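Numbering (the numbering used here), first residue to last: 1190 to 1301. Scroll down for the structure; my scribbles are underneath it.
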């Protein structure tokens, strides 16, 4: 869903949706709530316009205490560097999955 699509569905202009996204105070609380509800319902995510996007690979490990894990990380980093790609490493620790808010960070980073 695009910003314009959210605006149309909310019955407001695209600049009003932009104001809500940027936290501007010159939007009524009723309108803000309606726009935020639609943004959430449609899973709207802002693009990082204007910034060149560096390719990114995200690795998730339960634990990093093994030689195997470190060798894997080292190998991925070597290949990534050769391809001008960044590597992000997440350790889930004692959980069998990363923290619940982890997916939001992944979506913001937009890995390959």
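All C-beta atoms in this analysis are idealised placements derived from N, C-alpha and C, irrespective of residue type, glycine included. Here the structure is a predicted model, which means the values were calculated and not measured.
Could you check which residue in the options has the C-alpha nearest to that of residue i?
i, options, result
"residue 1210", "1192, 1219, 1198 and 1197", "1192"
"residue 1227", "1212, 1251, 1246 and 1197", "1197"
"residue 1252", "1265, 1281, 1274 and 1202", "1281"
"residue 1296", "1276, 1235, 1269 and 1270", "1235"
"residue 1293", "1267, 1254, 1243 and 1229", "1229"
"residue 1247", "1277, 1290, 1190 and 1212", "1277"
Note down the Cα distance separating residue i from residue j, rounded to an integer number of angstroms.
i, j, result
"residue 1224", "residue 1263", "44 Å"
"residue 1202", "residue 1233", "16 Å"
"residue 1206", "residue 1273", "35 Å"
"residue 1194", "residue 1204", "12 Å"
"residue 1275", "residue 1249", "14 Å"
"residue 1271", "residue 1256", "23 Å"
"residue 1214", "residue 1208", "8 Å"
"residue 1265", "residue 1200", "48 Å"
"residue 1231", "residue 1254", "40 Å"
"residue 1243", "residue 1269", "11 Å"
Bridge partners for residue i per DSSP, in chain order?
i, result
"residue 1280", "1250"
"residue 1245", "1275"
So residue i is in the alpha helix (DSSP H); what residue range does that whole segment cover?
i, result
"residue 1205", "1203 to 1210"
"residue 1259", "1256 to 1271"
"residue 1223", "1218 to 1230"
"residue 1194", "1192 to 1199"
### Message
Contact between the segment 1210 to 1219 and the segment 1250 to 1263 is defined here as three or more beta-carbon pairs at a separation below 8 Å; is this criterion met?
### Response
no
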